[in-house]
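**Student:** Going by my numbering, the letters in the sequence shown line up with residues 64 to 128, in that order. Idealized CB from N, CA, C, for every residue including glycine.
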Amino acid sequence: MEINFVEELKRLQSVLKLNQRQMCELLYNVPLRTYQSWLLGEKLPPEYYQQLILFKVQSNIENIE
């Protein structure tokens, strides 16, 4: 099953109840405009970074639970 990076990123942001700026901070201070371009599907990081990004965010959810 292939995960849609953009949809999964939006879902995880919603689960964590973070705004875009807070998500950028969580992702090691990714520039806000870069994060926004991901959400809009304008530009995407390489697939191996996508997996690392999703893993990082999912790890935070597991730490909360």
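1) Can you list, in chain order, the residues of its chain whose CB lies under 8 Å from that of Gln121, leaving out five sequence neighbours each side?
2) Does Ile124 pass the burial test, meaning 16 or more other C-beta atoms within 10 Å, or should it be called exposed?
3) My understanding is that Pro109 touches Ile116, with C-beta atoms under 8 Å, so please give their C-beta distance in whole angstroms.
4) Determine the direct distance from the alpha carbon of Lys106 to that of Thr97, and round the result to whole angstroms.
**Tutor:** A quick look at the data gives this:
1) Taking the first residue of the sequence shown as position 1, residue 121 is located at position 58. Around Gln121: Leu75.
2) For this step, residue 124 is matched to residue 61 along the sequence shown. Exposed, because fewer than 16 other Cβ atoms sit within 10 Å of the Cβ of Ile124.
3) Residue 109 sits at position 46 when you count from the first residue of the sequence shown. Residue 116 sits at position 53 when you count from the first residue of the sequence shown. Contact between Pro109 and Ile116 is ruled out by a C-beta separation of about 10 Å, above the 8 Å threshold.
4) The count along the sequence shown starts at 1 and reaches residue 97 at position 34. The count along the sequence shown starts at 1 and reaches residue 106 at position 43. When rounded, the distance between both Cα atoms is 8 Å.
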